[in-house]
Structures are given as C-alpha cells and as structure tokens.
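Inspection log for the structure reproduced underneath, given as structure tokens.
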Amino acid sequence: MRVISTVIELDNLIEETNLIPLGFVPTMGALHEGHLALVNIAIKKCPLVVVSIFVNPTQFNDKNDLKNYPRTIDSDLALLGTVLRQTDIVFTPDEKEIYPQEDTRKFLFGNLDNVMEALHRPGHFNGVAQVVSRFFELVKPDIAVFGLKDFQQLTVIKNLVGQTNNKVKIIPCPIVREKDGLAMSSRNRLLDKEIRNHAPVIYKTLSAASVMAGKYDIPEIVSFVEKSINNIPGFSLEYFEVVDDSELIPVRKKEDIKPDRQYYGCIAVKAGKIRLIDNINIAFD
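Each residue of the sequence shown is one higher than the one before, starting from 172 at the first, in the working numbering.
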C-alpha cells in the first residue's frame, strides 16, 4: 500500500494507477476488524482502493468528544497493511487539505434531520455531509463502502448522493461484532472494564426486542428495552426507535407498518462516559 497525505499526491497516484472501478472507504482511524470488513468488500469489487484516515472536526458537536477521540495512526497503518495490496492507497490528510477554506455549506435531509442521532448530536450530519462530499470530490470513487452500524449515517449518505447527483454506488457492510455481541466501534476501547463487561446487554436487548416483534406491539417493546438497559448500573438509554429504512420515520404501533419497507430497531446508550449505538433488523408478522 502507498501512504500519502496531500491532495496532489492523491490525484497523481490515482491518475498514474488508472484502475477502475475505484473503491473508497472513509474512516476516522482507531481501526478494528469492523473497518477491515469494509476494506475487504472494496477490495473484492475494485482493483484500486483508497482508504482515508481523517478525524473530521465538523461532525463533532462536543469539543471534548473530538479531543478524546482515539488517534492510533501507527497501529491503523499496520492493520491496513495486512489486507491492502501494493497499489492501494491510504490517504491521511490534515485539516487544511480537506478544508482549505472554512466549509459553510448547509445540507437539508428532511426527516433524517429530526430523529435519533440528529436530535442528540446537533449539526453532526451536516458535518458528515461536508466531509463525505469533499472526499467524493477528491477521490471520485465508483464505489464507497459504509458500515450498517451507523445506520442513520448510511441513510443520510444515500440521501446526499441523490441530492448531489453523484454517480458513486454506496455499498453497506453488515455490523461486525465482538464474540460477546457488542458491535465493534472505535469507542469500545474507551470503556471502563466493568462497563465493558456489561456492554453485551445492548445487543442482547436488541435481539430480544426483535423476537418480541412477533407477539407484542411497539410500546411494549420500547418499555422492555428501557428497563433492560436502565437496570444495568452505569447504563442509561438515550433512545430506542423503530424506524423504516428510507426516511427513518419512527413507528409507534404495529398498524402503521408498511409491507413494502424494512424496519430497524435503533438504539443509543450511555455506557459509563461513552456513548454507543447499535441497531437490528426487525421483522413484524
């Protein structure tokens, strides 16, 4: 793999290599096996893959969260070196390369701006749209791979592609989990030991909620999730919503379920000082 940090180097390498389709995997570093799953999907589909490592400041509404976000560039490069090919590119720009001028663009995503993460992290998805659209301009990928763990983000990015008439194909990657079920996340390494030991309760609760959908209505499922999470010391539920897979409109009762849509149970939990998200597909009978 070839590690570069400037836009000029990126342009030159992509032009020099001249392989299509071009795959792209954007990351904020602190990489783990979940990220490698994204990269492997891109490798299987594309003869040339660009992986970016950039902690994007515009998507953090909490300055302390930005400050504390893990930065592990050496181990990130070592991990990528186990899967990337000689001609693949790792792009590690600084802020000036991505934002030579302040990015003041404002994006509108309809209902996607009014639910779940958008409510709890004001401005987050506008920052995501800024950096992703900027990377799409620089890399010009044919295919980009994003993880299903960040379900709302994936939906926002699909919407962004439609708004900007970009031709990039968005490929979702299934959630990669630890052996105990906890969804892999760069934030997991920040969990206190005792909190980490109890963290599998999140996926266990989601799995049980999915099974409950066969017999119970949504208010009963929500009540179960609230009790399951909040009864664990150090854990508190921020939200649990059952939403459709396109507009993320929350469903309050089974009779509102539409047969032509897929539905997901999406959750955000404060685990000690660390905020974790997860989701699961829910099939209603």
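By construction, the Cβ of each residue, glycine as well, lies at the ideal position given by its N, Cα and C atoms.
Item                                                                                                                                                                        : Value
Would you mind sorting Lys320 into buried or exposed? The rule is 16 or more other CB atoms within 10 Å of its CB.                                                          : buried
Are Val221 and Phe262 touching if we call contact CB-CB under 9 Å?                                                                                                          : yes
Going residue by residue through the stretch 236-324, where are the continuous beta strand (DSSP E) segments of at least 3 residues, counting only ones entirely within it? : 260-262 and 314-318
Would you say Leu331 and Ala289 are within 9 Å of each other, going by their C-beta atoms?                                                                                  : no
Which of the three DSSP states, helix, strand or coil, is assigned to Arg446?                                                                                               : strand
How about Leu255 and Val310: are their beta carbons less than 9 Å apart?                                                                                                    : no
Give a yes or no on whether the C-beta atoms belonging to Ile212 and Val316 are separated by under 9 Å.                                                                     : yes
Are the beta-carbon atoms of Val440 and Ile373 separated by less than 9 Å?                                                                                                  : yes
Quick check on DSSP: helix, strand or coil for Arg423?                                                                                                                      : coil
Let me know the secondary structure DSSP gives Ala454 once reduced to three states.                                                                                         : coil
Could you say if the stretch 358-376 and the stretch 428-446 meet the contact criterion of at least three C-beta pairs nearer than 8 Å?                                     : yes
Tell me where the alpha helix (DSSP H) around Gly205 begins and ends.                                                                                                       : Glu204 to Lys216
Could you give the residue range of the alpha helix (DSSP H) that holds Thr229?                                                                                             : From DSSP, Thr229 is part of no alpha helix (DSSP H); its letter is neither H nor E.
For Thr188 and Phe406, I'd like the C-alpha separation in whole angstroms.                                                                                                  : 49 Å
Nearest CA to the CA of Glu268: which residue from Glu180, Leu193, Asn401 and Thr376?                                                                                       : Glu180
I need the DSSP call for Leu190, collapsed to helix, strand or coil.                                                                                                        : coil
Going by alpha carbons, who is nearest to Asn227 out of Phe411, Glu273 and Thr253?                                                                                          : Glu273
What is the C-beta distance between His203 and Ser304, in whole angstroms, given that I count them as a contact (C-beta under 8 Å)?                                         : Between Ser304 and His203 the Cβ distance is about 26 Å, and since that is not below 8 Å, they are no contact.
Specify the secondary structure class of Ile390 as computed by DSSP and reduced to three states.                                                                            : With the sequence shown as reference, residue 390 is identified as Pro, and Ile is not the correct amino acid for it. Helix, per DSSP.
Give me whichever residues DSSP pairs with Leu219 in a beta bridge.                                                                                                         : Leu193
Measuring alpha carbon to alpha carbon, tell me which of Asp259, Gly194 and Asp236 ends up nearest Val174.                                                                  : Asp259
Rounded to whole angstroms, what's the CA-CA distance from Asp284 to Thr229? Just pull it up for me.                                                                        : 16 Å
List, from N- to C-terminal side, the beta strand (DSSP E) runs of 3 residues or more that fit wholly inside the stretch 366-418.                                           : 406-415
Just verifying my parser: in three-state terms, what is the DSSP assignment at Thr326?                                                                                      : helix
Is the stretch 411-425 close to the stretch 333-342, with three or more CB pairs under 8 Å?                                                                                 : no
Among residues of its own chain, excluding the 5 on either side of Thr243, which ones have a beta-carbon nearer than 7 Å to its beta-carbon?                                : Gly200 and Ala201
Under the three-state reduction of DSSP, which class applies to Lys338: helix, strand or coil?                                                                              : coil
Around the Cβ of Gln433, are there at least 16 other Cβ atoms within 10 angstroms (buried) or fewer (exposed)?                                                              : exposed
Nearest by alpha-carbon distance to Leu219: which of Glu391, Ile185, Ala370 and Ile342 is it?                                                                               : Ile185
What's the C-alpha gap between Phe225 and Leu251?                                                                                                                           : 15 Å
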